[in-house]
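Listed in order, the protein sequences are those of chains C and H.
First residue of the first sequence: 9, per the numbering used here; consecutive thereafter.
First residue of the second sequence: 9, per the numbering used here; consecutive thereafter.
Backbone N, C-alpha and C fix where the C-beta goes; we use that ideal spot for every residue, glycine too.
Given the structure is predicted, the values throughout are model-derived calculations rather than measurements.
Okay, so here's the structure we're looking at.
Number of protein chains: 2
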Amino acid sequence: MSRVTIREVAARAGVSIGTVSAVINGKSTVKDATRSRVKAAIDSLEYRPVEAARRRLQTPREKSIGFIIKELHNPYYADIIVGAQQTAEVHGFRVICMSSEQRFEYEKEAIQTLASKDVEGIIINPALGDDPDVSHLEDLRERNIPFVLLEGMRGDFPASIVDVDNEAAAHGLTRYLVEIGHRRIAHFAGPRVSMHAGERLDGIRRALAESGLVLRAEDLVHAGAALEDGYRAGIERFAGRGPERPTAVTCFNDLIAVGLLRALHELGLRVPEDVSVTGFDDINVARYLTVPLTTMRMPRNEMGRQSAELLIRRMRQPITVPPERITLETDLVVRASTRRLA
Amino acid sequence: MSRVTIREVAARAGVSIGTVSAVINGKSTVKDATRSRVKAAIDSLEYRPVEAARRRLQTPREKSIGFIIKELHNPYYADIIVGAQQTAEVHGFRVICMSSEQRFEYEKEAIQTLASKDVEGIIINPALGDDPDVSHLEDLRERNIPFVLLEGMRGDFPASIVDVDNEAAAHGLTRYLVEIGHRRIAHFAGPRVSMHAGERLDGIRRALAESGLVLRAEDLVHAGAALEDGYRAGIERFAGRGPERPTAVTCFNDLIAVGLLRALHELGLRVPEDVSVTGFDDINVARYLTVPLTTMRMPRNEMGRQSAELLIRRMRQPITVPPERITLETDLVVRASTRRLA
DNA sequence: GTGAAAGCGCTAACAA
DNA sequence: TTGTTAGCGCTTTCAC
Chain C
9 MSRVTIREVA ARAGVSIGTV SAVINGKSTV KDATRSRVKA AIDSLEYRPV EAARRRLQTP
69 REKSIGFIIK ELHNPYYADI IVGAQQTAEV HGFRVICMSS EQRFEYEKEA IQTLASKDVE
129 GIIINPALGD DPDVSHLEDL RERNIPFVLL EGMRGDFPAS IVDVDNEAAA HGLTRYLVEI
189 GHRRIAHFAG PRVSMHAGER LDGIRRALAE SGLVLRAEDL VHAGAALEDG YRAGIERFAG
249 RGPERPTAVT CFNDLIAVGL LRALHELGLR VPEDVSVTGF DDINVARYLT VPLTTMRMPR
309 NEMGRQSAEL LIRRMRQPIT VPPERITLET DLVVRASTRR LA
Chain H
9 MSRVTIREVA ARAGVSIGTV SAVINGKSTV KDATRSRVKA AIDSLEYRPV EAARRRLQTP
69 REKSIGFIIK ELHNPYYADI IVGAQQTAEV HGFRVICMSS EQRFEYEKEA IQTLASKDVE
129 GIIINPALGD DPDVSHLEDL RERNIPFVLL EGMRGDFPAS IVDVDNEAAA HGLTRYLVEI
189 GHRRIAHFAG PRVSMHAGER LDGIRRALAE SGLVLRAEDL VHAGAALEDG YRAGIERFAG
249 RGPERPTAVT CFNDLIAVGL LRALHELGLR VPEDVSVTGF DDINVARYLT VPLTTMRMPR
309 NEMGRQSAEL LIRRMRQPIT VPPERITLET DLVVRASTRR LA
């Protein structure tokens with residue numbers, strides 16, 4: 009049963025399709041009686057015009073950009089989207105979002121869906137699997153749909169990107185911990201397939217190495233990216249350990265840190281007295297915790313704004329313009345969850 | 009400068025549009041040499057097919073449903089969307105989201121945008137202004153685009169809706185506080201224009217009245233819906249007050265409660281020793297706080313699933329089927345932020 | 001292998 | 001006031 013078309017409505021109402029069209033578009037040239045009959049036909053057939061056809065296939069349509077995030081649950085993305093919306097609005101674009109929920113297949117589908125909706129461009133926070141499959145991005149390229157990434161891809165896939173220097177940021181954060189006296193620092197790492205996670209780990213290792221320290225195998229905990237992951241990993245890592253434990257833990261992100269904070273609390277370990285904890289991102293809740301979180305702030309709003317700006321700029325440039333990279337600054341935000349060791 | 013069309017590509021490549029189409033669609037009937045020429049033309053012109061036209065205007069397209077939330081920042085919505093996605097996926101639908109950020113104008117635009125993308129239906133968490141303007145919903149109705157609400161509208165606008173009984177839930181929560189001995193209970197209310205906020209306030213008042221208590225004017229604080237609102241309102245309400253203060257505060261939602269928790273902490277007031285605090289929603293973070301939050305759980309995942317289910321069902325029914333209301337259950341989750349008074 | 005032409009659902013002249 | 005018709009950008013026969 010295919011969809012009801014304007015022709016059927018016209019037939020039912022005993023008028024021409026032109027008249028039906030006029031009614032749909034609220035033209036005042038239609039006689040009231042006719043209009044009623046047409047409306048009745050529309051109602052009884054439950055006719056719904058195909059917007060793609062109405063938009064005339066011949067006039068500029070509403071401009072929109074797509075946005076693909078990795079997880080609905082992390083407020084990190086919410087801030088970026090809001091930033092993108094603010095900039096998009098100025099240029100007359102709407103932002104429509106989809107989430108891959110960390111699944112590569114979903115990401116591919118989301119790209120297809122967005123493309124099929126004729127968005128003018130897409131901002132993507134890519135969820136990469138282990139294999140460097142970038143076919144969906146190559147596909148976008150081939151279709152001449154501009155896109156901007158918010159996180160690098162394996163194998164130096166050449167694409168425009170707005171990001172921070174995660175390695176340097178993590179390095180700075182770790183240096184700070186070393187400088188205030190920490191020697192044994194653990195890391196609650198992010199998802200293995202996340203570029204940011206890898207970059208941050210690299211930065212930590214470098215900072216440690218510079219001070220003649222190492223990240224012990226037992227102190228590298230593969231936590232994940234969600235609240236629950238931080239909690240679970242925290243309980244596992246710290247339960248039943250004596251004084252033989254790290255004096256500080258760097259977490260992949262704030263969510264992990266919040267989970268860890270809770271785990272430590274339940275285990276009777278105090279923060280920062282017994283353990284210092286750092287996060288990453290500076291999501292809003294970080295400063296409202298009972299123990300406000302020391303964290304590396306990601307310029308989320310700015311990331312959103314800049315990525316939208318860049319995307320829109322590129323929509324207006326020849327696609328041959330080489331990919332552009334915009335690197336934003338992070339800020340170390342010191343709060344109460346870390347302390348100087350005696 | 010209008011967009012490049014298939015005709016221009018054909019001209020540039022010296023072939024017919026049929027051939028260009030065949031190349032775009034990867035048909036194997038095209039000679040290699042021709043294909044190369046066409047691809048070169050596509051590249052040099054940066055041709056991007058209009059998907060709306062490709063989708064043939066003549067074949068079923070990807071099925072999608074739109075989702076409009078009020079705030080990107082509240083994890084409450086994230087959980088609902090995830091639920092909706094889970095159900096939508098089963099039925100072969102994709103979910104695309106937009107946020108009104110509490111602005112009525114944005115909501116109207118979002119609806120237009122989604123409709124113009126030919127979504128099959130829309131789930132809306134309506135952001136109502138003071139005036140009961142439902143023209144955008146009437147518009148949807150007129151266009152025979154099915155929709156489901158996640159919150160009531162002023163004036164009993166007849167529409168299918170998935171919601172909880174907020175009045176009863178707030179009533180139950182307040183009763184619990186009264187039963188454990190609280191006599192002076194304050195309320196940090198949500199946005200004035202939120203139906204949920206109003207319903208919850210009603211439930212609180214009823215519970216209070218049943219026990220011969222009242223909500224004093226000074227104890228009704230118009231906080232808002234965000235973290236910052238709870239914090240700010242908390243500082244304002246509790247700074248410099250002596251023992252003359254409420255023994256318990258019910259917050260419109262968990263975000264407000266988290267902000268309040270922080271404010272109380274800064275003011276040196278302990279929770280629950282000095283003040284009991286309750287939230288609403290049971291967002292994930294609620295149980296990971298240093299003082300886990302007593303709250304009324306909203307069945308967010310279920311709300312998402314049921315709303316998607318209902319929407320999809322209605323897409324397949326005559327639109328004349330009367331609106332349906334699905335009321336889900338809430339659960340009181342007692343944690344450490346409330347205590348029994350001696 | 002390729003081109004010509006019909007047609008997708010609709011809007012917008014233009015006639016009648 | 002209404003009907004007819006020519007497109008919109010594309011895909012898909014079906015000849016050549």
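Legend entry - Partner residues on chain H for H273 of chain C, Cβ-Cβ distance less than 8 Å: Ordered by position in chain H, the residues that pass the 8 Å Cβ test against H273 of chain C are T298.
Legend entry - Bounding residues of the beta strand (DSSP E) (the contiguous stretch that carries A197 of chain C): Per DSSP, A197 of chain C is one residue of the beta strand (DSSP E) stretching across 193 to 197.
Inset, instruction - Note down, in chain order, each residue of its chain lying with its Cβ closer than 8 Å to the Cβ of F165 of chain H, except the 5 sequence neighbours on either side. - result: P140, V142, L145.
Legend entry - Below-7 Å beta-carbon distance, N292 of chain H vs any chain C residue: Chain C, which has a Cβ nearer than 7 Å to the Cβ of N292 of chain H, makes this yes.
Legend entry - Whole-angstrom C-beta distance between S168 of chain H and L351 of chain H, which should lie under 8 Å: Outside the shown range of chain H (9 to 350) lies residue 351 of chain H, about which nothing can therefore be said.
Legend entry - Segment limits, alpha helix (DSSP H) that includes G26 of chain H: For G26 of chain H, the enclosing alpha helix (DSSP H) has its first and last residue at 25 to 32.
Inset, instruction - In angstroms with no decimal places, state the Cα-to-Cα distance between E150 of chain C and S72 of chain H. - result: So the two alpha carbons sit approximately 24 Å from each other.
Inset, instruction - Would you mind reading off the limits of the alpha helix (DSSP H) that contains I212 of chain H? - result: Unbroken alpha helix (DSSP H) run through I212 of chain H: 203 to 218.
Inset, instruction - Using the Cα positions of H81 of chain H and I88 of chain C, report the straight-line distance between them to the nearest angstrom. - result: If you draw a straight line from the Cα of H81 of chain H to the Cα of I88 of chain C, it comes to about 10 Å.
Legend entry - Closest residue to R343 of chain C among C:Q325, C:P300, C:E236, C:A350 (Cα-Cα distance): Per the Cα distances, C:P300.
Inset, instruction - Taking only beta-carbon positions, decide if L148 of chain H is within less than 7 Å of chain C. - result: Not an interface residue.
Legend entry - Proximity winner among C:D262, C:F75, C:G220, C:I243, relative to L235 of chain C (alpha-carbon distances): Out of C:D262, C:F75, C:G220, C:I243, the CA that lies nearest to the CA of L235 of chain C is found in C:D262.
Inset, instruction - Report, in whole angstroms, the separation of the C-beta atoms of V28 of chain C and V46 of chain C, which I expect to be a contact under 8 Å. - result: With a Cβ gap of about 6 Å, V28 of chain C and V46 of chain C count as contacting.
Legend entry - Whole-angstrom distance between A118 of chain C and H351 of chain H, CA atom to CA atom: This structure gives no information on residue 351 of chain H, because the portion of chain H shown stretches from 9 to 350.
Inset, instruction - Classify L297 of chain C as helix, strand or coil using the three-state DSSP reduction. - result: L297 of chain C: coil per DSSP, three-state reduction.
Legend entry - A19 of chain H at chain C interface by Cβ criterion, 7 Å: Any Cβ of chain C closer than 7 Å to the Cβ of A19 of chain H would place that residue at the interface, and such an atom is absent.
Legend entry - Closer than 7 Å to chain C by CB, E281 of chain H: Put simply, the CB of E281 of chain H is far from chain C, with every gap to its CB atoms at 7 Å or more.
Legend entry - Nearest residue (CA-CA) to V283 of chain H, options H:S345, H:E79, H:E226: For the residues H:S345, H:E79, H:E226, the minimum Cα distance to V283 of chain H belongs to H:S345.
Inset, instruction - Tell me, please, which residues DSSP counts as bridged to A60 of chain H. - result: Partner(s): none; A60 of chain H has no beta bridge.
Inset, instruction - Could you work out which residue in H:R313, H:P331, H:V31, H:T182 is closest to T303 of chain H when comparing CA atoms only? - result: Measuring C-alpha to C-alpha distances from T303 of chain H to each of H:R313, H:P331, H:V31, H:T182 identifies H:T182 as the nearest.
Legend entry - Closer than 7 Å to chain H by CB, N261 of chain C: Look at N261 of chain C: its C-beta is not under 7 Å from any C-beta on chain H.
Legend entry - C-alpha distance - R200 of chain H paired with D339 of chain H, whole-angstrom precision: When only Cα atoms are considered, R200 of chain H and D339 of chain H end up about 25 Å apart.
Inset, instruction - Give the residues of chain C in contact with M106 of chain H, contact being defined as C-beta atoms less than 8 Å apart. - result: Here the neighbours are R102, V103, I104, C105.
Legend entry - Proximity winner among C:G74, C:A61, C:L136, relative to A123 of chain C (alpha-carbon distances): Selected option, being the one with the closest Cα: C:G74.
Inset, instruction - Pull up the distance between the alpha-carbon of E337 of chain C and that of G312 of chain C, whole angstroms please. - result: C-alpha separation (whole angstroms): 14 Å.
Legend entry - Expected contact under 8 Å - CB spacing of G211 of chain H and A178 of chain H to nearest Å: Indeed they touch by this definition, with Cβ atoms about 3 Å apart.
Legend entry - Buried versus exposed call for A225 of chain H [16 or more other C-beta atoms within 10 Å across all chains shown]: Residue environment analysis places A225 of chain H among the exposed positions, since fewer than 16 neighbouring C-beta atoms fall within 10 angstroms of its C-beta.
Legend entry - Residue(s) in a DSSP beta bridge with V103 of chain H: Answer is H:I73.
Legend entry - For I130 of chain H, the residue or residues it bridges with in DSSP: Looking at the DSSP assignment, I130 of chain H forms a beta bridge with H:G74, H:F155.
Inset, instruction - Report yes or no: is there a C-beta of chain C within less than 7 Å of the C-beta of N309 of chain H? - result: Closer than 7 Å: no.
Inset, instruction - Closer than 7 Å, Cβ to Cβ, to anything on chain H: give me those residues from the region 83 to 96 of chain C, in chain order. - result: Cβ contacts with chain H come from P83, A86, I89, V90.
Inset, instruction - Using a Cβ-Cβ cut-off of 7 Å, state whether V316 of chain C counts as contacting chain H. - result: It should be noted that the sequence gives Ala, not Val, for residue 316 of chain C. Not closer than 7 Å to any Cβ of chain H, the Cβ of A316 of chain C fails to qualify, so no.
Legend entry - Proximal residues to N292 of chain C (C-beta, below 7 Å), its chain only, five neighbours per side dropped: Excluding the 5 residues flanking it on each side, N292 of chain C has same chain C-beta neighbours closer than 7 Å at P83, in chain order.
Inset, instruction - Using a cut-off of 7 Å between C-beta atoms, extract the partners of P331 of chain H located in chain C. - result: Within 7 Å Cβ-Cβ: nothing; P331 of chain H doesn't reach chain C, min ~15 Å.
Legend entry - Segment contact flag, the region 205 to 223 of chain C with the region 240 to 249 of chain C, C-beta cutoff 8 Å, min 3 pairs: Because the criterion of three Cβ pairs below 8 Å is not met, the region 205 to 223 of chain C and the region 240 to 249 of chain C do not touch.
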